[in-house]
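Engineer: Residue numbers (the working numbering), protein chains in the order written: chain A, 1 to 270; chain B, 271 to 533; chain C, 534 to 643. Every residue gets a Cβ at the ideal spot worked out from N, C-alpha and C, and that includes glycine. Owing to the predicted nature of the structure, the values given are computational and were not obtained by experimental measurement. This is the structure I want to talk about, given as structure tokens.
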Amino acid sequence: MAETRQPALAISLARVGRGFVALLEEFGYYLALVVESFFWIVLGPSRRQPVRLSAAVQQMVEIGINGLPIVFVLSFAIGVMLAIQGIHTLKQFGAETQVVLGIALSVTREFGPLITGILIAGRSGSALAARIGTMVVNQEIDALRVMGINPVRYLVSPVLIAMLVMVPLVTLFSDFAALLGGAVFCNIELGLSYAAYWDQSTGFMTTDDVLQGLAKSVVFGVIIALVGVTNGFAVSGGAEGVGKSTTRAVVLAISYIVLADMAFTYFLNR
Amino acid sequence: MSSGAAIEVDELVTHYGSRRILDRVDLRVEPGEIMVIMGGSGSGKSTLLRHLLGLQRPTSGSIRLLGMDITASSPAELQALRRNMGVSFQGGALLSSMTVAENVMLPLREHTALDEQTMQIVARMKLEVVNLGGFGELKPAQLSGGMIKRAALARAIVMDPKLLFFDEPSAGLDPVVAADLDELIIKLRDTMQMTIVVVTHELDSAFKIADRITVLDHGRILLTGSVDEVRSSRIQRVQDLLNRRPREEEIDPDDYLRRLTGG
Amino acid sequence: MAYQVKTQDGYDIVLLTGDVDLSCSPDARKAILASLEQGHHTLVDLSGVTYIDSSGVASLVEGFQTAKKGGLRFGLIGVSEAALSVLELARLDKVFPIHADLAARLEADG
Numbered sequence: 001m002a003e004t005r006q007p008a009l010a011i012s013l014a015r016v017g018r019g020f021v022a023l024l025e026e027f028g029y030y031l032a033l034v035v036e037s038f039f040w041i042v043l044g045p046s047r048r049q050p051v052r053l054s055a056a057v058q059q060m061v062e063i064g065i066n067g068l069p070i071v072f073v074l075s076f077a078i079g080v081m082l083a084i085q086g087i088h089t090l091k092q093f094g095a096e097t098q099v100v101l102g103i104a105l106s107v108t109r110e111f112g113p114l115i116t117g118i119l120i121a122g123r124s125g126s127a128l129a130a131r132i133g134t135m136v137v138n139q140e141i142d143a144l145r146v147m148g149i150n151p152v153r154y155l156v157s158p159v160l161i162a163m164l165v166m167v168p169l170v171t172l173f174s175d176f177a178a179l180l181g182g183a184v185f186c187n188i189e190l191g192l193s194y195a196a197y198w199d200q201s202t203g204f205m206t207t208d209d210v211l212q213g214l215a216k217s218v219v220f221g222v223i224i225a226l227v228g229v230t231n232g233f234a235v236s237g238g239a240e241g242v243g244k245s246t247t248r249a250v251v252l253a254i255s256y257i258v259l260a261d262m263a264f265t266y267f268l269n270r
Numbered sequence: 271m272s273s274g275a276a277i278e279v280d281e282l283v284t285h286y287g288s289r290r291i292l293d294r295v296d297l298r299v300e301p302g303e304i305m306v307i308m309g310g311s312g313s314g315k316s317t318l319l320r321h322l323l324g325l326q327r328p329t330s331g332s333i334r335l336l337g338m339d340i341t342a343s344s345p346a347e348l349q350a351l352r353r354n355m356g357v358s359f360q361g362g363a364l365l366s367s368m369t370v371a372e373n374v375m376l377p378l379r380e381h382t383a384l385d386e387q388t389m390q391i392v393a394r395m396k397l398e399v400v401n402l403g404g405f406g407e408l409k410p411a412q413l414s415g416g417m418i419k420r421a422a423l424a425r426a427i428v429m430d431p432k433l434l435f436f437d438e439p440s441a442g443l444d445p446v447v448a449a450d451l452d453e454l455i456i457k458l459r460d461t462m463q464m465t466i467v468v469v470t471h472e473l474d475s476a477f478k479i480a481d482r483i484t485v486l487d488h489g490r491i492l493l494t495g496s497v498d499e500v501r502s503s504r505i506q507r508v509q510d511l512l513n514r515r516p517r518e519e520e521i522d523p524d525d526y527l528r529r530l531t532g533g
Numbered sequence: 534m535a536y537q538v539k540t541q542d543g544y545d546i547v548l549l550t551g552d553v554d555l556s557c558s559p560d561a562r563k564a565i566l567a568s569l570e571q572g573h574h575t576l577v578d579l580s581g582v583t584y585i586d587s588s589g590v591a592s593l594v595e596g597f598q599t600a601k602k603g604g605l606r607f608g609l610i611g612v613s614e615a616a617l618s619v620l621e622l623a624r625l626d627k628v629f630p631i632h633a634d635l636a637a638r639l640e641a642d643g
């Protein structure tokens with residue numbers, strides 16, 4: 001009420017300031033959550049409160065295996081798209097065959113990790129926020145706490161393990177699917193044999209290219225886990241709150257993934 | 271346990287933002303006693319329960335459970351205490367991803383090194399105690415409201431706790447099922463010598479099971495006493511609650527006008 | 534808790550004393566199952582038990598089931614008031630053969 005009498009600039013400045021503080025707070029929370037998750041993974045067993053491997057495996061299946069079909073389809077399509085664009089562009093220089101190099105590097109360094117990250121954020125990040133959010137609303141989190149079961153150990157650590165394992169693996173799978181897509185299109189358009197395509201690709205690519213992609217995917221995995229879990233825990237206000245948090249989790253996770261990707265690419269290519 | 275009380279709350283004050291929810295609440299529950307915390311909605315009884323469970327930290331005051339001050343205890347101490355506490359939440363709060371039997375077994379799995387076979391027998395025994403024998407393989411979503419409350423009770427008592435907390439046992443149940451649950455609460459106290467705290471707004475249930483009743487209103491304790499003492503209390507607000515009379519508040523015209531106009 | 538096993542009148546008698554709780558019920562369970570695995574009729578003497586929790590009762594249940602499978606006799610003797618009320622809560626007093634002592638059991642066996 002008192003605020004309305006302040007000049008507009010002060011109000012918007014205050015808003016920016018508050019937003020910035022909230023953002024810092026959120027990142028601080030992410031950091032604390034990572035530390036606590038790893039604490040339980042490493043020290044849980046000696047405190048007789050281990051992180052259950054079965055829970056992690058269940059999450060791995062959910063995150064990785066169940067997502068493979070859609071990852072394959074989209075990655076394959078990206079491979080085809082890169083081939084189409086590449087051939088179209090390079091034709092002007094009469095250098096169509098160089099397209100293989102372009103596809104190989106773009107896929108392993110950029111598109112494989114990115115498409116995998118975005119897909120897993122959409123599939124599993126939202127599911128994670130919804131699952132934990134529903135548990136908050138149903139007092140299941142409170143129940144865990146009063147039973148002496150730490151929710152971070154019980155719910156977050158397994159997800160983090162699963163993400164750290166599965167996002168890179170699915171990224172590798174996505175790399176292959178996209179390269180296959182490129183190969184199929186080059187075979188049709190340029191008459192390039194699969195063997196030649198494979199030889200050229202592996203000839204151009206270094207292990208570094210693949211590792212760079214995988215390093216990104218590890219970071220993406222952590223982002224998806226943290227953003228999903230945090231938005232789940234932050235749910236208030238019943239079913240509607242769960243819906244809002246789920247949406248927020250997906251949008252934020254994808255945004256952070258793209259921003260992290262940009263930063264990554266910038267620093268790794270200097 | 272110096273004082274001998276199972277639960278001892280001293281001068282508990284809590285705030286939600288700047289609003290005071292509990293105002294200098296004192297409460298003492300003896301071992302083996304069934305204490306009912308009663309009050310209308312907004313009385314602060316749920317907040318008091320959350321503090322007793324260690325789910326929220328108070329602004330000031332102390333809460334001693336089985337002799338340990340949970341407002342000043344380490345996580346490890348609290349963890350140890352929680353093995354001696356069972357809680358049955360209003361909505362059951364069973365983990366929906368697990369079967370009923372797995373839910374009941376969860377505390378055993380997390381806190382004991384018992385043989386799998388032993389854990390299963392204990393879980394099934396507890397389901398028998400709450401008359402849910404044979405329902406262990408169902409998921410919580412397949413149970414009725416009364417069954418969920420009983421399953422939650424089975425989980426709450428699976429570790430044979432010394433303290434049992436029960437949030438709104440009869441809310442949303444038909445009278446017969448609610449009466450069954452009341453019987454069960456009394457039976458548990460009699461056979462297991464549990465100290466039981468029940469939070470409820472249901473008068474019939476409260477009068478039936480309580481050894482003593484604490485009446486909470488606007489975050490303050492109006493009265494703590496036996497069933498008869500509460501029934502015969504001359505405090506106007508207590509009688510209003512007992513007779514389900516709506517609250518008659520004094521109106522400050524200036525204040526009221528300000529609230530309406532937002533000025 | 535402590536336990537000892539003695540053999541008398543064709544029975545292994547597992548005598549439990551003290552508090553039978555989470556920390557020691559696995560030992561009681563092992564002792565009971567060990568006697569049964571050797572093919573001995575087994576009685577569990579609870580007269581020295583000050584407290585028995587659900588895991589202790591579960592061990593008795595498992596013993597009884599194992600005995601039935603093996604065609605062996607099983608039962609409880611010297612059940613204290615406190616132990617009995619725990620059994621009653623889960624209606625197990627109607628399941629176990631319960632007798633005051635060995636003599637009463639032998640008489641019932643005929």
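Are the CB atoms of A/Q92 and A/P158 nearer to each other than 8 Å?
Structural biologist: Not closer than 8 Å, so no.
Engineer: What three-state label does DSSP hand B/F405 in the structure shown?
Structural biologist: B/F405 falls in the coil class under three-state DSSP.
Engineer: Any beta carbon from chain A within less than 8 Å of B/H285's own beta carbon?
Structural biologist: Output row for B/H285: interface = no.
Engineer: Quick check on A/Q139: does DSSP put it in helix, strand or coil?
Structural biologist: Residue state, collapsed to three classes: coil.
Engineer: Return the CA-CA distance between B/I466 and A/S126, expressed in angstroms with no decimal places.
Structural biologist: About 40 Å.
Engineer: With DSSP as the reference, identify every bridge partner of B/M338, one or two as the case may be.
Structural biologist: For B/M338, which the question treats as bridged, DSSP gives the partners B/L335.
Engineer: Quick one: any contact between the segment 160-170 of chain A and the segment 254-264 of chain A, if contact means 3 or more CB pairs under 8 Å?
Structural biologist: Not touching, per the Cβ criterion.
Engineer: For B/K409, which residues from the same chain have a beta carbon less than 8 Å from its beta carbon, with the 5 sequence-adjacent residues on both sides left out?
Structural biologist: Taken in chain order, the residues that qualify are S366, M368, T369 and V370.
Engineer: So B/E398 contacts chain C; which residues on that side make the cut at Cβ distance below 8 Å?
Structural biologist: The answer, in chain order, is A623 and R624.
Engineer: Taking just the CA atoms, how far does B/V400 sit from B/G416?
Structural biologist: Cα to Cα, the separation comes out at about 11 Å.
Engineer: For A/V118 and A/A253, I'd like the C-alpha separation in whole angstroms.
Structural biologist: A small correction: the amino acid at residue 118 of chain A is Ile; Val does not occupy that position in the sequence shown. Computed Cα separation, rounded: 8 Å.
Engineer: CB-CB under 7 Å to A/V296, same chain, minus the five flanking residues each way: which ones, in chain order?
Structural biologist: Residue 296 of chain A is absent from the model: chain A starts at 1 and stops at 270.
Engineer: Just by C-beta distance, which residues in the segment 581-597 of chain C are closer than 9 Å to chain B?
Structural biologist: Those residues of the segment 581-597 of chain C that come within reach of chain B (Cβ to Cβ, closer than 9 Å) are D586, S587, S588, V590, A591, S592, V594 and E595.
Engineer: Contact between the segment 349-366 of chain B and the segment 131-149 of chain A: three or more CB pairs below 8 Å?
Structural biologist: Enough Cβ pairs lie closer than 8 Å, so yes.
Engineer: Applying the criterion that 16 or more other CB atoms from any shown protein chain within 10 Å of the CB defines a buried residue, is A/Y194 buried or exposed?
Structural biologist: Answer is exposed; the Cβ neighbour count stays below 16.
Engineer: Is the Cβ of A/P7 closer than 8 Å to any Cβ of chain B?
Structural biologist: So, not an interface residue.
Engineer: Three Cβ pairs or more, each shorter than 8 Å: is that satisfied between the segment 445-460 of chain B and the segment 277-292 of chain B?
Structural biologist: No, the segment 445-460 of chain B is not in contact with the segment 277-292 of chain B.
Engineer: Please state the DSSP three-state secondary structure of A/S106.
Structural biologist: The answer is helix: DSSP assigns A/S106 an H, G or I state.
Engineer: Go through its chain and collect everything with a Cβ distance to C/K539's Cβ below 8 Å, but skip five positions before and after it.
Structural biologist: For C/K539, where only same-chain residues beyond five positions count, the Cβ hits under 8 Å are D545, I546 and L548.
Engineer: Assuming B/A426 and B/L413 make a contact with CB atoms under 8 Å, what is their CB distance in whole Å?
Structural biologist: Not confirmed; about 16 Å, so no contact.
Engineer: Cβ closer than 8 Å: which chain C residues qualify as neighbours of B/K409?
Structural biologist: Result: empty, since nearest Cβ-Cβ is about 24 Å, beyond 8 Å.
Engineer: Going along chain B in order, which residues have a C-beta closer than 8 Å to the C-beta of A/M60?
Structural biologist: Residues of chain B passing the Cβ test: none, with the nearest at roughly 16 Å.
Engineer: Secondary structure at B/M271, three-state DSSP: helix, strand or coil?
Structural biologist: Note that B/M271 has pLDDT 42, beneath the 50 cutoff, so the model's placement of it is unreliable and the number below is only indicative. The answer is coil: DSSP assigns B/M271 none of H, G, I, E or B.
Engineer: When DSSP builds the beta bridges, which residues end up paired with B/Q506?
Structural biologist: Note: B/Q506 sits in no beta bridge, so no partner.
Engineer: On the DSSP letters alone, give me the boundaries of the beta strand (DSSP E) that B/M305 sits inside.
Structural biologist: Residues I304 to M308.
Engineer: Which value, in whole angstroms, describes the spacing of the CA atoms of A/R276 and A/T265?
Structural biologist: This structure cannot speak to residue 276 of chain A, because chain A is shown only from 1 to 270.
Engineer: Determine the chain B residues that contact C/V619 at a beta-carbon separation under 8 Å, and present them in chain order.
Structural biologist: Within 8 Å Cβ-Cβ: T461 and M462.
Engineer: Under a three-way DSSP split, which group does A/L76 fall into?
Structural biologist: First, the amino acid is wrong: residue 76 of chain A is Phe here, not Leu. The answer is helix: DSSP assigns A/F76 an H, G or I state.
Engineer: Which residues in the same chain have their Cβ closer than 7 Å to the Cβ of A/L180, if we skip the five residues on either side of it in sequence?
Structural biologist: So the list reads F76 and G79, once near-sequence residues are dropped.
Engineer: What does C/I732 pair with, by DSSP beta-bridge criteria?
Structural biologist: Chain C is shown only over 534 to 643; residue 732 of chain C falls outside these bounds and no answer can be derived.
Engineer: Give me the Cβ distance between B/L492 and B/V508, rounded to the nearest whole Å; I'm assuming they're in contact under 8 Å.
Structural biologist: Between B/V508 and B/L492 the Cβ distance is about 6 Å, and since that is below 8 Å, they are a contact.
Engineer: Could you give the DSSP three-state label for B/V485: helix, strand or coil?
Structural biologist: In the structure shown, B/V485 sits in a strand (DSSP, three-state: E or B).
Engineer: Please go through the segment 128-180 of chain A and give each complete alpha helix (DSSP H) segment of 4 or more residues, from N-terminal end onward.
Structural biologist: Listed in chain order, the complete alpha helix (DSSP H) runs (minimum 4 residues) inside the segment 128-180 of chain A are 140-146.
Engineer: Taking C-beta pairs closer than 7 Å, name the residues in chain A that B/G302 reaches, listed in chain order.
Structural biologist: None at all; the shortest Cβ gap to chain A is about 21 Å.
Engineer: At a Cβ threshold of 8 Å, is B/M271 touching chain C?
Structural biologist: In this prediction, B/M271 has a pLDDT of 42, which is less than 50 and means its spatial position is unreliable; what the coordinates show is noted afterwards. Answer no: the Cβ-Cβ gap between B/M271 and chain C never drops below 8 Å.
Engineer: Report the residue from C/G596, C/V577 and C/G572 whose alpha carbon sits nearest the alpha carbon of C/Y536.
Structural biologist: For C/Y536, the nearest C-alpha among the options comes from C/V577.
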